[in-house]
Amino acid sequence: MIKTFTILFSLVLFAIAGMAQDIHYSQFYASPLTLNPALTGVNDCNYRVGVMYRNQWKSVSANPYQTPSISFDINNVLQRIVKTGTLSVGALVLNDKAGAGDLTNLTIAGSIAYQRPLSASRKLNLSIGIQPAYVQKRLDFTKVFFETQFNGQDFDPTLSNGENFNDKIGYVDLNAGLYLSYIVGRNSDIFLGGSLFHLLSPKESFLGSDNKLNMRIAGHGGVRLGVSDKLDLIPQILFMTQSKAKEVNLGLSI
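With my numbering applied, the sequence shown corresponds to residues 110 to 363, in that order.
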């Protein structure tokens, strides 16, 4: 079994204060269902299970961002029904926790993708995927202080915050993607993908306002270079944009 090591470089990051940005992992190809729904079932095995954990801002905050997730996908299901190409299915559960107010984001998503060759030689292959999801967000207002809770000397959490917030919201979402791969040689191939998230532009607000979640666009690609039968070099790139935020990551897997 070939061990894989990944080196990632973050080139550009523009974060806009007050704009909610999507959760994503630095090792993006290790979490294919959060990268592109079309990657569902795109692997050399019949089954794939992934477990990821992110811990961010731990060195500067007593309440770091924590993001565990688990996913699985199965390729080539319904073989007797799908005669041309293959059908793959998968599922993802993600639970993000952030900040002093314990803002939690529970996402449950299902993915389905259809793969088929585009050439007689089967070297050029296409995958199309969709991913419906349900998202539930909670905020613990007992851990958040407001101006009305200041009694003249210090903050008194027993005082009413004077606000009428919802502590829980939920909505249905939809993501979709495309993925192309081309086999160059016995140990080399090129791959390119693109995905769109929040196609339904769901409302996301604890205040009941008309605050819609902006669409996120992701583009990714790379080349697998077979140096030997036991060694591959895989340079890869990821570009994402959402609202006014943009990010570019370069990586190398060995």
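Idealized CB from N, CA, C, for every residue including glycine.
- Annotated as proximal: Ile-292 and Lys-232, with beta-carbon spacing under 8 Å.
- Counting only the Cα atoms, Ser-178 lies some 20 Å from Ile-278.
- Put simply, the backbone Cα of Ser-290 is about 28 Å away from that of Ile-217.
- Taking the CA atoms as reference points, Ala-139 sits about 47 Å from Asp-263.
- Distances from the alpha-carbon of Ser-310 to those of Phe-300, Asp-298 and Ile-326 put Ile-326 closest.
- When DSSP states are grouped into helix, strand and coil, Leu-309 belongs to the coil group.
- In this chain, the beta strand (DSSP E) harbouring Thr-195 covers 195 to 207.
- Bridge pairing for Thr-350: Ile-326 and Lys-355 [DSSP].
- The C-alpha of Gly-303 lies about 7 Å from the C-alpha of Asn-145.
- Between Arg-247 and Phe-306, the alpha-carbon positions lie close to 21 Å from each other.
- CA-CA distance, Tyr-174 to Tyr-162, rounds to 10 Å.
- Assignment of beta-bridge partners to Leu-340 by DSSP yields Ser-337.
- Rounded to the nearest angstrom, the gap between the Cα atoms of Arg-225 and Met-324 is 28 Å.
- Tyr-288 carries a strand assignment under DSSP once its states are collapsed to helix, strand and coil.
- In this structure, Ile-132 and Asp-205 form a Cβ contact; the two beta carbons are roughly 5 Å apart against a cut-off of 8 Å.
- Boundaries of the alpha helix (DSSP H) harbouring Pro-141: 141 to 144, taken from the DSSP string.
- The shortest C-alpha to C-alpha distance from Pro-241 to any of Val-202, Leu-212 and Thr-213 is the one to Val-202.
- According to DSSP, residue pairing for Asp-182 in a beta bridge involves Arg-157 and Gly-199.
- Inclusion of Val-332 and Ile-363 in the CB contact set at 8 Å is not warranted, their separation being larger than that value.
- Beta-bridge partners of Ser-297 (DSSP): Gly-294.
- Sequence-distant partners of Leu-215 (beyond 5 residues in either direction) whose C-beta falls short of 6 Å from its own C-beta, in its chain, are Asn-204 and Gln-245.
- Under the 10 Å beta carbon count, Leu-187 is surrounded by fewer than 16 other beta carbons and is classified as exposed.
- The DSSP-derived three-state label of Tyr-138 is helix.
- Straight through space, the alpha carbons of Gly-328 and Ser-220 are spaced by roughly 18 Å.
- With contacts defined as CB atoms closer than 8 Å, Val-357 and Phe-348 qualify as a contacting pair.
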